[in-house]
Amino acid sequence: MRLANPMTLLVFLGPTLLLLIVLRLWPAMAALVDSLYAPRADQISLDNYVFIFSDPVFQDSLVVSAIYSLIVNPLQIAIALMLALLLNAKGPLIGLWRTLILLPAAVPLSVSAVIWGIGLRPDGPINALLMTLGLEPQRFLTSPDQALGSIILIVSWVGIGYWMTFLLAGLQEIPKSLYEAIRIDGANRWQTFRYVTLPQLRRTLTFVLVANTVANFLVFAPVQILTQGGPRGSTNLVMNEIFTLGFVQGDRSSAAAATVVLVTVVLVVVLIQFRLMQAPEDNAA
Amino acid sequence: MKMPRGLIRLIVAATAGLLFFLPIWWITVGALRPREDIFRYLSPLSWETLWPTNATLNNIIQLFQGDFTRALFNSVFVTVVAVVIGLILCAMAGFALAVMRFRGREAVFFVVVVSFLIPFDAIALPLFGLMLDAGLQNTYIGLILPGIGNGLAVFLYRQFFLGIPKELREAGVIDGMTTFGIFWRIYLPLSLPAHITAGLILFLFQWQAYLWPLLIAPDTDYKVAAVAIAQFTDNIEGTQYNLIFTAAFFIALIPMILITYFQKYFTASVSSLGGKG
Chain A
4 MRLANPMTLL
14 VFLGPTLLLL
24 IVLRLWPAMA
34 ALVDSLYAPR
44 ADQISLDNYV
54 FIFSDPVFQD
64 SLVVSAIYSL
74 IVNPLQIAIA
84 LMLALLLNAK
94 GPLIGLWRTL
104 ILLPAAVPLS
114 VSAVIWGIGL
124 RPDGPINALL
134 MTLGLEPQRF
144 LTSPDQALGS
154 IILIVSWVGI
164 GYWMTFLLAG
174 LQEIPKSLYE
184 AIRIDGANRW
194 QTFRYVTLPQ
204 LRRTLTFVLV
214 ANTVANFLVF
224 APVQILTQGG
234 PRGSTNLVMN
244 EIFTLGFVQG
254 DRSSAAAATV
264 VLVTVVLVVV
274 LIQFRLMQAP
284 EDNAA
Chain B
661 MKMPRGLIRL
671 IVAATAGLLF
681 FLPIWWITVG
691 ALRPREDIFR
701 YLSPLSWETL
711 WPTNATLNNI
721 IQLFQGDFTR
731 ALFNSVFVTV
741 VAVVIGLILC
751 AMAGFALAVM
761 RFRGREAVFF
771 VVVVSFLIPF
781 DAIALPLFGL
791 MLDAGLQNTY
801 IGLILPGIGN
811 GLAVFLYRQF
821 FLGIPKELRE
831 AGVIDGMTTF
841 GIFWRIYLPL
851 SLPAHITAGL
861 ILFLFQWQAY
871 LWPLLIAPDT
881 DYKVAAVAIA
891 QFTDNIEGTQ
901 YNLIFTAAFF
911 IALIPMILIT
921 YFQKYFTASV
931 SSLGGKG
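Respectively, the protein sequence lines represent chains A and B. To convert, note that position 55 of the first sequence is 58 in the numbering used here; the numbers rise steadily by one, no gaps. To convert, note that position 29 of the second sequence is 689 in the numbering used here; the numbers rise steadily by one, no gaps.
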């Protein structure tokens, strides 16, 4: 086939390509360049990286982010998977329950943060419920031990339904014949899940795990709105730390270095996903 | 006595559904309730905790007499513009990548893929520096531009267009159609699912955005709703929780309607992401 007319090509591809380069790749490169120049230095060095990695606040923020990731991702995906399995079967009003669980996914995270911030107030409805049940009222967002958990709740209310829909779509693509075959072999429910559902769902699960992990690395609105990283740094997730470094403290070099670290971690996670999705046994199924 | 499995399933599903829905219901009730009633029915809890006994529309009237009207207008305006322009540009780019032959196509495709692997929020701060230098703070252009060029939407269109039989295109050429004619009159009308999925991606990106509008549009004239709700100022009597609930209701309502209506298109992107490119 002959080559496309260059003018036509430019009209079709030019604007988007320009936008992607200027608005996505260029800032990433700018951050990389900024991160290599220490303030008032004119030579390339890793000083900014040495600086942020020896900064206890940044170190703590990495630890908080790691703890947060290790809790929030398995938690959201486990619940989303259980709900997807539950709602994949036929049953009365199943579409309604599905929609009700999906609805919070439409709520912007900043709105979820504001509303849950009111709900979790010391004199708010959650504590009213706890007291009605004869339990002690809790401090939630104002307690260093409970604030991160509260953020996880706020993010998960929005996230679980969102990821559930992807898993439901994956479940519905599994051929019915596989279930019939294993039933004839006399498998019980657990064996069916273990040997049919789970392997067939591997691709979708990998996608959801990675996309969710990336999304959770970027959580910012609830922290900035409700805790500003506190109390005592207990919710200082890495995005909030980058925002504080760059926007509040005006330390562009450190913010750029931290941005490069974040983007690198994200890209590594995504590349691992590609490896997992293209694993050879996947093609055999 | 043993309960039938279907009944247990129904009870668990209904409980989960209602639990997830409860905060949305609470927002709705709060939006309809006079200010002094917001925290009134908490101790003890009663049916009135979740039912607006003195329901009023005053909150809505009061809310839209203030700055929030402007913020909601800004959100709607930038979202509509970003989705319309974004759909056209991303579809055109996807068409070029799927249909046109040119040198460097792999390189362009690589740029598209890398651009959606780098999460936008992660590079928002360096981009903000660049846009500030370009004088784009507190402008609609600054708010809209990042939402238009969306690598994921381009990728989605490319995958969808690859599935359209090339015989249709060849028939168009024989009929004397231009490239643009083939794109506009053959490819676009056949691609409704791609438009909806890409449209949802662009819509949610723009409507839910918080960090970027917080940086680029802090001015009241350009502030969007998702930012404005986090900055409701207190008046003499304290925080106006009734207005916060009302604002939350309106910000959440529009995407809730769209997501409910287009539920099945919501996940269509997964299969194309996982598929062979």
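Positions of the beta carbon are idealized from the N, C-alpha and C atoms, including for glycine. The structure displayed is predicted, hence computed values, not measured ones.
The region 774-794 of chain B makes contact with the region 237-251 of chain A; the number of CB pairs closer than 8 Å reaches 3 or more. Under the Cβ criterion (8 Å, minimum of three pairs), the region 899-911 of chain B does not count as touching the region 123-134 of chain A. Taking C-beta separations shorter than 8 Å and ignoring five residues to either side along the sequence, the partners of A44/A in its chain run D50, following chain order. For T262/A, the enclosing alpha helix (DSSP H) begins and ends at 255-280. DSSP places V884/B in no alpha helix (DSSP H); its state is neither H nor E. Taking C-alpha positions only, L28/A is separated from I778/B by approximately 8 Å. Classified as exposed, N191/A has fewer than 16 neighbouring CB atoms from the shown chains inside 10 Å of its CB.
Per DSSP, reduced to three states, the secondary structure at Y40/A is strand. Here DSSP, grouped into helix, strand and coil, assigns G898/B to strand. Annotation: S237/A is outside any alpha helix (DSSP H) and is labelled neither H nor E by DSSP. Between V213/A and V272/A, the beta carbon gap of about 6 Å places them in contact (Cβ cut-off 8 Å).
In the structure shown, I698/B adopts coil according to DSSP, grouped into three states.
For I47/A, DSSP records a beta bridge to Y40/A. Residues of chain A whose Cβ lies closer than 8 Å to the Cβ of W867/B are, in chain order, P111. In terms of beta-carbon proximity, G802/B stays away from the interface with chain A, with every pair separated by 8 Å or more. If you ignore the 5 residues before and after V884/B, its C-beta comes within less than 8 Å of the C-beta of A731, N734, S735, V738, L803, A869, P873, A877, all in its own chain and listed in chain order. In the same chain as L181/A, and ignoring 5 residues on each side of it, the C-beta atoms closer than 8 Å to its own belong to V199, Q203, in chain order. Between F15/A and M837/B, the C-beta spacing is not below 8 Å. Between the region 684-694 of chain B and the region 713-720 of chain B there are three or more C-beta pairs closer than 8 Å, enough to call the two in contact.
Contact check for T11/A against C750/B fails: the beta carbons are separated by 8 Å or more. What A184/A touches in chain B, judged by beta-carbon distance under 7 Å, is nothing: the nearest beta carbon there is about 22 Å away. Chain-order list of chain B residues neighbouring G122/A: P683, W686, by C-beta distance under 9 Å.
Beyond the five residues adjoining it in sequence on each side, S159/A comes within less than 6 Å, by CB distance, of Q79 in the same chain, given in chain order. It is roughly 37 Å from the alpha-carbon of G666/B to the alpha-carbon of A858/B. For S775/B, the neighbours in chain A by C-beta distance under 7 Å run, in chain order, L23, R27, L28. For W872/B, the enclosing alpha helix (DSSP H) has its first and last residue at 871-876. A straight-line Cα-Cα distance of about 19 Å links G236/A and L265/A. Rounded to the nearest angstrom, the gap between the Cα atoms of Y847/B and V774/B is 26 Å.
For G802/B, the enclosing alpha helix (DSSP H) stretches over residues 800-808. By the Cβ-count criterion, S57/A is exposed, with fewer than 16 other Cβ atoms from all chains shown falling within 10 Å of its own Cβ. For G666/B, the uninterrupted alpha helix (DSSP H) segment begins and ends at 665-691.
For G164/A, the nearest CB of chain B lies under 8 Å from its own CB, placing it at the interface with that chain.
The straight-line gap separating the alpha-carbon atoms of G162/A and I74/A is approximately 14 Å. Using a Cβ-Cβ cut-off of 8 Å, S851/B does not count as an interface residue toward chain A, since no Cβ of chain A sits closer than that to its own.
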